[in-house]
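Engineer:
Protein chains: 2
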Amino acid sequence: MDMELKAIGTISSSIRERAKCPKQGHEGAPDAWITVKDQYQEAMDGLAPGQEVLILTWLHEADREVLKVRPRGRPENPLRGVFSTRSPARPNPIGLHPVRILEVSGNRLHVEPLDAIDQTPVLDIKLSICRENI
Amino acid sequence: MDMELKAIGTISSSIRERAKCPKQGHEGAPDAWITVKDQYQEAMDGLAPGQEVLILTWLHEADREVLKVRPRGRPENPLRGVFSTRSPARPNPIGLHPVRILEVSGNRLHVEPLDAIDQTPVLDIKLSICRENI
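In the order they appear, the protein sequences are chains A and B. If you're matching positions, the first sequence starts at 1 in the working numbering and goes up one per residue. If you're matching positions, the second sequence starts at 1001 in the working numbering and goes up one per residue.
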């Protein structure tokens, strides 16, 4: 089965290093811009300022071989399977980022807060599952 | 960049056809079992009955070329870009399913409700972003 992902865009953020990236968006992550590739711009139709959306990213610096981690990287926390955490280290390092749209400008989307480093590939933009749909 | 996904498991569900699959889990989806591949079982450590988790799937029957849809497939709804919907049709058809764990049995996980058809590949299991983390 073809399970090869396509980047639909890229993140521009002031966060340049993993060490400076908050663990969750609501823990002080900054705003960021998403530039959607021209061939996918049509799929943005309907996005508007004020909407709550979910950004899916490929956490390109994550270790895909790690199966157990200490939550939040704290040495005092016992090892746990990655499926019972939100660690970026996991077999398929897909990041989920609930954000609010601040501005839509052509193929660019201004959002906040976004806990992902600069140049992270974007996989998808979806209506939020937390507010409208649950 | 390598963005090839690995199936970490498979869904066993009584839903056998897309036409019979609810649009969202809370719209009458049944319980289902997830069988995790042996090599990833260690990553399940910490999962327990009662937890709310998010299952990520590869919606293997979705059309990856469609950029606009009529929400919920209703002809009276105007066309909208897929990024402002939760349609399975999108460049990267990753499904997000908030579920509750009913039982953990070795490498198998019993969950509900799960709006995905039988044999859907599972990509990831994560702590829910809706309850604990937001």
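Just so you know, even glycine gets a beta-carbon here, dropped at the ideal spot from N, CA and C. Only a predicted model underlies this, so the values are computations on that prediction, with no experimental measurement involved.
(1) Check the Cβ of B:S1012 against every Cβ in chain A and list those closer than 9 Å, keeping chain order.
(2) I need the boundaries of the beta strand (DSSP E) containing B:P1113, first residue and last residue.
(3) Of the residues B:R1016, B:A1048, B:G1009 and B:G1046, which one's Cα is nearest the Cα of B:V1036?
(4) Hey, could you find the ends of the beta strand (DSSP E) B:S1128 is sitting in?
(5) Does DSSP classify A:S13 as helix, strand or coil?
(6) Hey, A:I34 and A:I55: beta-carbon distance below 9 Å or not?
(7) Leaving out five residues on either side along the sequence, give the residues of the same chain with a beta carbon under 8 Å from the beta carbon of A:R131.
(8) Mind reading off the beta-carbon distance from B:I1094 to B:L1123? Whole number of angstroms is fine, and I expect it under 8 Å.
(9) DSSP on A:R136, reduced to helix/strand/coil?
(10) Are there three or more Cβ pairs, one per stretch, closer than 8 Å when the stretch 111-125 of chain A is compared with the stretch 13-31 of chain A?
(11) In three-state terms, what does DSSP make of B:V1082?
(12) Under three-state DSSP, which class holds B:R1072?
(13) For the 8 Å Cβ check, are there 3 or more pairs between the stretch 17-27 of chain A and the stretch 41-49 of chain A?
(14) My understanding is that B:E1004 touches A:M1, with C-beta atoms under 8 Å, so please give their C-beta distance in whole angstroms.
(15) Which residues in chain B have a C-beta closer than 8 Å to the C-beta of A:E4? List them in chain order.
(16) Cα separation between A:T57 and A:P88?
(17) Tell me the residue span of the beta strand (DSSP E) that contains B:I1101.
(18) In angstroms with no decimal places, state the Cα-to-Cα distance between B:R1080 and A:E76.
(19) Can you check whether the C-beta of B:S1105 is within less than 9 Å of a C-beta belonging to chain A?
(20) Could you tell me how far apart the beta carbons of B:P1091 and B:R1108 are, in whole angstroms, since I believe they sit closer than 8 Å?
(21) Ignore the nearest five residues each way along the sequence and tell me which others in A:K126's own chain have a CB closer than 6 Å to its CB.
(22) Which stretch, first to last residue, makes up the beta strand (DSSP E) that contains B:L1054?
Structural biologist: To lay it out plainly:
(1) By Cβ distance, chain A contributes nothing, its closest Cβ being about 17 Å from B:S1012, past 9 Å.
(2) Note, B:P1113: premise wrong, no beta strand (DSSP E); not H, not E.
(3) B:G1009
(4) Taken as a continuous stretch (DSSP letters only), B:S1128 belongs to no beta strand (DSSP E), as it is neither H nor E.
(5) coil
(6) yes
(7) With a pLDDT of 43 at A:R131, under the threshold of 50, the modelled position of this residue cannot be trusted, and the question is left open.
(8) 7 Å
(9) What the structure shows of chain A is the stretch from 1 to 134, and residue 136 of chain A is not part of that stretch, so it cannot be assessed.
(10) yes
(11) helix
(12) helix
(13) no
(14) About 11 Å separates the two Cβ atoms, so there is no contact after all.
(15) M1003, E1004 and L1005
(16) 11 Å
(17) I1094 to S1105
(18) 48 Å
(19) no
(20) Rounded, the Cβ-Cβ distance is 32 Å, inconsistent with contact.
(21) L54
(22) E1052 to W1058
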